[in-house]
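In numbering that gives the first Met the number 0, the protein residues as written are 0 to 372.
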Amino acid sequence: MHIITEAPVFSDNKILTEGTFMQTNDAQNSWFMPAEWAPHAATWMAFPHNQALWEHAWGVTLADVQLDFARVANAIARFEPVKMVVDPSAVARAQELCGPNVELFELAINDSWCRDSGPSFVCHPRLGTAGVDWRFNAWGGKSAFDLDESLARRLLNGLGLECFDTPLTNEGGAIHVDGQGTLITTESVLLNANRNPGMSKAEMEAIFSRLLGVKKTIWLPGDPDYVTGDMTDGHVDGVCAFARPGALLVDATRDASSVYAEVVRENRRALELATDAQGRRFEMLELFEASDAVDQGAEVFCASYTNFYIANGAIIMPAYGIAADDEAAATLRLAFPEREVVPVRINHLAHGGGGVHCITQQQPAWPLSGVQA
């Protein structure tokens, strides 16, 4: 395993604003964000190192969290390359835990949620792959982000890929796309005053159209922080996930009296009323949350099985060592019969408020085969 350090590899590259993006683009925008099930060149992750954050804020031992991250990385590495960003302080530990198909990139970072601080990769039929550098402010300033706000740009620079800048504060976990023009997001995140004060839905939808090739944005209510304590303010990857165009796996709970049950009902209702970019109503399959795994003493805990990750030929599923894991795995096998469902224990990671999807970011393979823009 070799280490790629920042100094010789990560230098300034071309950063395109949205205006420049439009000038250099085709007359009709052909950039689009592929669905997660499109073939991957690699999965990007970031190794946890912030002991004060994990142990004092979330109440779990950093060493245990690092084991969870490494288990996820090594599970994905059976199916595709994994590229792991590692803070200089944690290189030795990452080398100890990560397998030979996990490539380490030494970069200074604050935290370990690559889905949110990393780039969203986009593709073009002629121009190949590029990335979107959303403005990142740590979910509305909930923790330090002086290093992570530039992570997407640094990764794209290191890869030699064009970086599309945007005024939109966003995180990768706040959006899901189907690769056919549909994007699902939540009002509780993007319309939150801690992300984009003064920006309208129409302005955001125009950005999604230009940068991601989105034809229709579906807005769910989400899960505001003041309702359940979700530090992300209700990322969509804890609410639902595409199984294929026109089909969704949706988070569900059997505790009808809980505060979260109302959140589930409101999001489900919005999905039932929605149609995608192709005019289809959604088929929906329920994934009941891992309520028995929740640590009642935890400030936050991610118990959503919809927070899975689609790798090449596999579904990497959050698991908690409870009976509900088997039910969730069976549902995922039904939704993805052509993929191997791989449960990975994440009990310590879940104390940080995220799951498998939150710590992974797909880089699409190029050229894309059989993928419709």
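A virtual CB, placed ideally from N, CA and C, is assigned to each residue, including glycine.
Check each candidate in Ser88, Ala91, Ala45, Leu189 and name the one with the smallest Cα separation from Ala151.
The shortest Cα separation from Ala151 among Ser88, Ala91, Ala45, Leu189 belongs to Ala45.
Quick check on the DSSP output: the beta strand (DSSP E) that includes Ser119 runs from which residue to which?
Unbroken beta strand (DSSP E) run through Ser119: 119-123.
Name the two residues that bound the continuous alpha helix (DSSP H) containing Arg209.
200-211 is the extent of the alpha helix (DSSP H) around Arg209.
To the nearest angstrom, how far is it from the Cα of Phe300 to the Cα of Asp67?
Straight-line Cα distance between these residues: approximately 14 Å.
Going by the CB atoms, is the gap between Gly157 and Pro33 shorter than 8 Å?
For Pro33 and Gly157, no; Cβs fall outside 8 Å.
Which of the three DSSP states is assigned to Thr274 in this structure?
Correct three-state label for Thr274: strand.
Taking DSSP as the reference, what is the three-state secondary structure of Tyr225?
Three-state DSSP puts Tyr225 in a helix.
Where does Arg382 fall in DSSP's three states?
Because the chain spans 0 through 372 in this model, residue 382 falls outside it and cannot be assessed.
What's the call for Thr359, buried or exposed, on a 16-neighbour Cβ count within 10 Å?
Thr359 should be labelled buried.
Is the beta carbon of Ile183 less than 8 Å from the beta carbon of Val226?
Not a contact, by the Cβ cut-off of 8 Å.
Considering only residues of the same chain and omitting the five flanking positions on each side of Glu265, which have a CB-CB separation below 6 Å?
Cβ neighbours of Glu265 beyond the five flanking positions: Pro220.
So, is Thr231 buried or exposed, given that buried needs 16 or more other C-beta atoms within 10 angstroms?
Buried, by the Cβ-count rule.
Any beta-carbon of chain D closer than 8 Å to the one on Ser149?
Going by chain labels, chain D is absent from the structure shown, which holds only one protein chain.
By Cβ distance below 8 Å, which residues in the same chain neighbour Gln27 in space, the five residues on each side in sequence not counted?
Confidence in Gln27 is poor, its pLDDT being 49 and thus under 50, which makes the residue's placement unreliable; the coordinate value appears in the next sentence. Correct list: empty, nothing qualifies.
Where do the ends of the alpha helix (DSSP H) carrying Gln94 lie?
Note, Gln94: alpha helix (DSSP H), 90-96.
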